[in-house]
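J.: Structure below; questions to follow.
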Amino acid sequence: MRRLFSTLAVAAGSAAMILSTLSSTATPVAAQAPVARPAAPEREGPVAAGDFTFAGWQAVATYRPAGPVRGVVVFLSGDGGWNLGVVDMAKALAEQGVAVAGISTPALQKRLDGDAETCVNPNYALQALAQDYEHRLGLPRYIKPILAGYSSGATIAYAALAQAPAGTWRGAVSLGFGPDIGGTKPWCAIPGVTVSRIAKPEAGWLFSAAPRLSAPWLVLQGTIDQVVSPAATRAFTRQIPQAQLVELPKVGHGFSVEANWMPQFKAAFAPLLEPQPNPAPVVPLANVADLPLTIVADPAARHTDLMAVMYSGDGGWAGIDRDLAAKLAAAGVPVVGVDSLSYFWNARTPAEAGRDAGRIVEHFAREWHRPKVIFVGYSFGADDLAYIVGNLPPAIRPMVTRLSMLGLSGTADFQFHLASWLDIGGANALPTLPAIERLRGTPMQCIRGEEEKHSACPAIPAGLAEQVLLPGGHHFGDNGDALAAAVLRGLL
């Protein structure tokens, strides 16, 4: 049963929220999904509806616009699954040029509760699904997706955005939001958010308001909703700087009369579909403007003779990559970050990647007056690193001071595909160890987490690379300070 919240009481002079559930004797309000509507003519504008099976899940519903794809939305249903009103919402988005992947929230929860992980974090699965879908669409480049959800899906959309590393989602949109979700497995840590176990009206979890989010969160809330309290939602969103609440008069939890909410629904997505302006480069990029680069430099840092070229994991330039780059820059080592998801979205060859890396080093070494370079790669980026450095132009190779491979696996891919998310080598995967062995004489280090079970670091022949063991698993406990200290050890 969907949660039933009474109004939010805010104590005078206090920002604390008091959320209380209706007693078990109260009459429940049935609102499992947007209510069925009277038959209406089909909307104008062709929308290609279909489905695909993702990594053993049940079918994912898809809605593709007839024209160019302006954006991609991963849409989570309410408790009733993928049917009724959420289908109409997805079609409305597709008519605006948005490709939509529709997911049954009950099926997602069953999958998350039943997997081998000790806590819930839906981001890995949802981001992998979005990337797989975009490949199936044949998009020429990766579009950062928007996460959307209705009712229980609205809660997951909020929690996932709060939990995700910065740069994962373009933003999130929640319809009929309440801060609790059913389930027995605990949620993984969410920065600044308290997740409390609750027993009524069903076993589950209650989320507090995040002190900040890494992307915009838009909430559409009906003012006559009897399932979640409009006042509670208003008080909740006021605590989050990145949240924007759109209140919908005459709209209940079922979003039944489209005329009362459809214009606001479309408007909520509009700013998230606008192209994101690129920040002004800190140095001219003329010679490398075709590459997906992020420049991280700290003008207040001391000047050293080092720069770094860093290849991200297959999640793109987000989270651990951003954090580590900032730490290196603060230590006086400016970073040229390569978004591996974007760069390897289409197939590359090791030779091509090596030439591009050479262009990067040549350009920024001249601009920054840095004669030495360290190459850093995380996960997907670490796997490709030895091949990239091995194919650098001869004039660049002597500048390489160190290779730091973080979270190394046994195979390297030069195009993103779903298998990379599932820890399965693709059909064209190359073994990492031979490429590493060919770099004998080049200083290298292999950094792995104590809890990593599938690291290729131990397989590297003794003496070929420094072995560094850090606390945590594949994400190193998100400890950017420890990673930066390891990468720079003995260099400054």
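Letter by letter, the sequence shown follows residues -26 to -1, 1 to 466 in mature numbering (1 follows the signal peptide of the UniProt record, and there is no 0). Glycine included, each C-beta is placed from N, C-alpha and C at the ideal position.
What does Ala386 pair with, by DSSP beta-bridge criteria?
T.: Leu404
J.: Please look up how many angstroms separate the CB atoms of Gly157 and Gly178, rounded, as I've assumed it's under 8 Å.
T.: Contact holds; Cβ gap of about 5 Å.
J.: Alpha carbon to alpha carbon, how far is Gly446 from Met379?
T.: 16 Å
J.: Using DSSP with H/G/I as helix, E/B as strand and the rest coil, what is Ser148?
T.: In the three-state scheme derived from DSSP, where H, G and I count as helix and E and B as strand, Ser148 is classed as strand.
J.: I'd like the list of long-range same chain contacts for Ala325, defined as Cβ closer than 7 Å, with 5 residues on each side in sequence excluded.
T.: Asn365
J.: Where in the region 235 to 294 do unbroken runs of the beta strand (DSSP E), each at least 3 residues long, occur, reported from the N-terminal end onward?
T.: 267 to 270 and 280 to 285
J.: In this structure, how does DSSP classify Gly178 when only helix, strand and coil are distinguished?
T.: DSSP places Gly178 in strand when its eight states are reduced to three.
J.: Could you round the C-beta distance between Leu121 and Ala134 to whole angstroms and report it? I think they count as a contact, below 8 Å.
T.: 6 Å
J.: Taking Phe28 as the reference, give the member of Tyr37, Glu69, Ala104 and Cys93 with the closest Cα.
T.: Checking every option, the nearest Cα to that of Phe28 belongs to Ala104.
J.: Span of the alpha helix (DSSP H) holding Ser316?
T.: Ser314 to Tyr317
J.: Out of Glu336, Arg340 and Gly355, which one is the CA nearest neighbour of Gly311?
T.: Gly355
J.: Lys84 lies in the alpha helix (DSSP H); which residues open and close that run?
T.: Judged by DSSP secondary structure, Lys84 falls within the alpha helix (DSSP H) whose first and last residues are Thr79 to Gly88.
J.: Could you tell me the distance, in whole angstroms, from the CA atom of Pro139 to the CA atom of Ala189?
T.: 10 Å
J.: In terms of alpha-carbon separation, which member of Val74, Ala75, Gly71 and Ala99 lies closest to Lys84?
T.: Ala99
J.: For Ala460, which three-state DSSP category applies?
T.: helix
J.: If we ignore side chains and look at the alpha-carbon of each, how far apart do Asp280 and Gly293 end up?
T.: Reading off the sequence, residue 280 comes out as Leu, not Asp. For Leu280 and Gly293, the distance between alpha carbons rounds to 23 Å.
J.: For Gly112, list the residues DSSP reports as bridge partners.
T.: The partner list for Gly112 (beta bridge, DSSP) is empty, contrary to what the question assumes.
J.: Short check: CB of Ala439 to CB of Leu407, under 8 Å?
T.: no
J.: Give every residue of the same chain whose Cβ lies closer than 6 Å to the Cβ of Pro204, excluding the five residues on either side of it in the sequence, and list them in chain order.
T.: Gln195 and Thr197
J.: So, with DSSP's three-state summary, where would you put Phe229?
T.: coil
J.: Do the region 166 to 186 and the region 73 to 89 make contact, defined as three or more Cβ pairs closer than 8 Å?
T.: no
J.: Out of curiosity, what's the CA-to-CA distance linking Pro345 and Arg322?
T.: Going from the Cα of Pro345 to the Cα of Arg322 covers about 27 Å.
J.: When you compare only the Cα positions, how much space is there between Ile269 and Pro308?
T.: 8 Å
J.: Once DSSP output is grouped into helix, strand and coil, what is the label at Leu465?
T.: coil
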